[in-house]
Structures are given as structure tokens and as C-alpha cells.
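Before any comments, here is the structure.
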Amino acid sequence: MFSKLLRTTLIAICSLLALSILLVLLMRWVNLPYSALMLERQISAKLAGESYTSERIWTPWQSLPDHLKMAVIAAEDQQFDSHHGFDLAAIRAAIAHNQNADSIRGASTISQQVAKNMFLWSARSWPRKGLEVWFTFWIEVLWSKERILEVYLNIAEWGPGIFGAQAAAQYHFNTGAAYLSNQQAYVLAAVLPSPLTRSASQPSAATLQRARWIARQVQQLGASHYLNKLKPKYPEWVNNLSDKADGLFSL
133 MFSKLLRTTL IAICSLLALS ILLVLLMRWV NLPYSALMLE RQISAKLAGE SYTSERIWTP
193 WQSLPDHLKM AVIAAEDQQF DSHHGFDLAA IRAAIAHNQN ADSIRGASTI SQQVAKNMFL
253 WSARSWPRKG LEVWFTFWIE VLWSKERILE VYLNIAEWGP GIFGAQAAAQ YHFNTGAAYL
313 SNQQAYVLAA VLPSPLTRSA SQPSAATLQR ARWIARQVQQ LGASHYLNKL KPKYPEWVNN
373 LSDKADGLFS L
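Residue numbers (the working numbering): 133 to 383.
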């Protein structure tokens, strides 16, 4: 009886893990209409009896300005081009900081943030952290760095019900993501650690100071030249197959 229950449980777990891998693979080409964080925000508001609307307009990689891509990398994950999902140096630094400080410093990479916001819940827990590692690993294996950053910029939260760069640009600056100025991009990146308490349209002195720091970091990273390191390095036949798949799923 116990062995049968154990076997059934193992089969169920393996099936769920396999489905999660297929979902990540599908998202290599398909843009899902909602992220887990968007659904969580809607459910929380409904349970609290509050009205809630969310805005997100998907913007493809080519239409996202380079200075916004670089602003986010400079602010959130400067080793994005070289790590495989986890920045071990940042993790060690965060552990050392958190042992001797009142405030908690995070060390999540852009890849980890995509895994959490796209597939998981926001509350901190060891089960969520374990699943975050699982999804991050497969995201790094199955997606290009460009795709990871594209998804991040389309699901990042930039205010109450504001998700993605296009909605953020319209909400905060009354413009499209493609037309953001350098300064606007730096301010948007500056509010990312706390998008519900910081405002890009009415930035505090601390937010503006962080935006200036981000601007300096962008230049130190090589500005848009950095993005060349994110291009996928596949054999030609893989690139051709990927292009055909992109065309098929964009129909």
C-alpha cells in the first residue's frame, strides 16, 4: 500500500516537473497574457474587496530601447551576460550584509526575477525558493539572454496594476516605451526595487540619486555595446529553425 502511494506520488511529481519544463520551452516563443504576479495581485485585491485593473502591452525585443535595457541591467544585474542564472558573488555579499544589518539585501538576478514573477508567488519561503532555482535553471537552458530580458521588461511591475515597459512609459510619462528618453529609462530602472512605494513620474531625491548612479553604471558597462554579448550563439541551422518557429508563433 505504501509503495503504491509512493510510486503514485513520484509519478505525479515527475509529471508536474516535466510539464513545467514544457511550459518554459513554450515560452521561448509564446508570450503568455498573464504572469503569476499579475494574477496574484488581482486575486489579493478581489479578496480584499478592492477594485483592481492591470495594464500590460507586450513590446517585442526590437521595439524596446537599448538605453532601457541597459538601465535595467545596470540597476538589477550587472553580471547578466556572464552568469548562468545565479550571481554567486552577489549571493555571498548579500549573506554577509544580512548577517550584520537591519535591512535585507537581495541577490536575485534578472533570470531569477523572471522565474519568480512569471511562474511563482511573491511571498518568501523555502519551497518557493526551491522552485525558483528550478525554473531559473530551465529558463537559462532553454531561452537566450535576449529572450530573458525581453520577458523581464514585459512583466516587471512599475506601479499599481502597471506591468511591462510599455504600460510603464504610458502611465508615468505619457509616451511609448520606444520613445523613452535616457533619463526616463534611468528613473524607471531606479524604482524597480520598490515599484509600489516609489514613483517614476514623481521621483524622490533618493530615486533621482539612484537614477544618476544607474546612468554612470551604464557607461561603465559599455552602454549598448554590452547588449552584443547577449546575442545567442547557436549554429546556423539552429538559428534558422528558431526564426521559422518565431514566424510560426507570431502568426
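Even glycine gets a Cβ: it sits at the ideal position worked out from N, Cα and C.
Item                                                                                                                                                                           : Value
Who pairs with F305 in a beta bridge, going by DSSP?                                                                                                                           : Its beta-bridge partners do not exist; DSSP assigns none.
Assign L187 to one of three DSSP states: helix, strand, or coil.                                                                                                               : It is worth fixing the name first, because residue 187 is Glu in this sequence and not Leu. If DSSP states are grouped into helix, strand and coil, E187 belongs with the strands.
Taking contact to mean 3 or more Cβ pairs, one atom from each stretch, closer than 8 Å, check whether the stretch 164 to 176 and the stretch 271 to 279 are in contact.        : no
How long is the line joining the alpha carbons of S135 and C146, rounded to whole angstroms?                                                                                   : 16 Å
Below 8 Å, how does it come out for the stretch 150 to 164 and the stretch 306 to 315: are there three or more Cβ pairs, yes or no?                                            : no
Helix, strand or coil, according to DSSP, for F295 in the structure here?                                                                                                      : strand
DSSP three-state call for E289: helix, strand or coil?                                                                                                                         : strand
Would you kindly check if the distance between the Cβ of L324 and the Cβ of R213 is under 7 Å?                                                                                 : For clarity, residue 213 is Asp in the given sequence; the question names Arg instead. Contact: no.
For G293, which residues from the same chain have a beta carbon less than 8 Å from its beta carbon, with the 5 sequence-adjacent residues on both sides left out?              : R173, Y184, T185, S186 and E187
How would you label V319, buried or exposed, when you count the other beta carbons within 10 angstroms and need 16 or more for buried?                                         : buried
Out of A355, K365 and P364, which has the shortest C-alpha to C-alpha gap to H199?                                                                                             : A355
Label K248 either buried or exposed according to how many other C-beta atoms from any shown protein chain fall within 10 Å of its C-beta, with 16 as the threshold for buried. : buried
Can you tell me whether N210 is helix, strand or coil according to DSSP?                                                                                                       : For the sequence presented, residue 210 should be read as Gln rather than Asn. Here Q210 sits in coil by DSSP.
Relative to the ligand MN, is the shortest distance from any of its heavy atoms to the C-beta of L320 smaller than 6 Å?                                                        : You won't find the ligand MN in this model; it holds no ligand whatsoever.
Compute the distance between the beta-carbons of A297 and L285, then report whether it is under 7 Å.                                                                           : yes
Less than 6 Å between C-beta atoms, sequence neighbours within five positions excluded: which residues of the same chain meet that for L383?                                   : Confidence in L383 is poor, its pLDDT being 46 and thus under 50, which makes the residue's placement unreliable; the coordinate value appears in the next sentence. Closer than 6 Å at Cβ, skipping near neighbours: no residue.
Suppose the cutoff is 8 Å on Cβ atoms and the five residues either side in sequence are ignored; what does the same chain contact list for L196 look like?                     : E282, L285, A297, A309 and A310
Should L154 go down as buried or exposed, given a rule of 16 or more other Cβ atoms within 10 Å for buried?                                                                    : exposed
What does a CB cutoff of less than 8 Å around M159 pick up in its chain, not counting 5 residues either side in sequence?                                                      : M250, W275 and V283
If you draw a straight line from the C-alpha of W290 to the C-alpha of L328, how long is it?                                                                                   : 7 Å
Quick one: what does DSSP say L148 is sitting in, helix, strand or coil?                                                                                                       : helix
Could you pull the start and end residues of the alpha helix (DSSP H) that T241 belongs to?                                                                                    : Counting along the chain, T241 falls outside any alpha helix (DSSP H), and DSSP gives it neither H nor E.
So is P192 buried or exposed if we call it buried at 16+ other beta carbons inside 10 Å?                                                                                       : exposed
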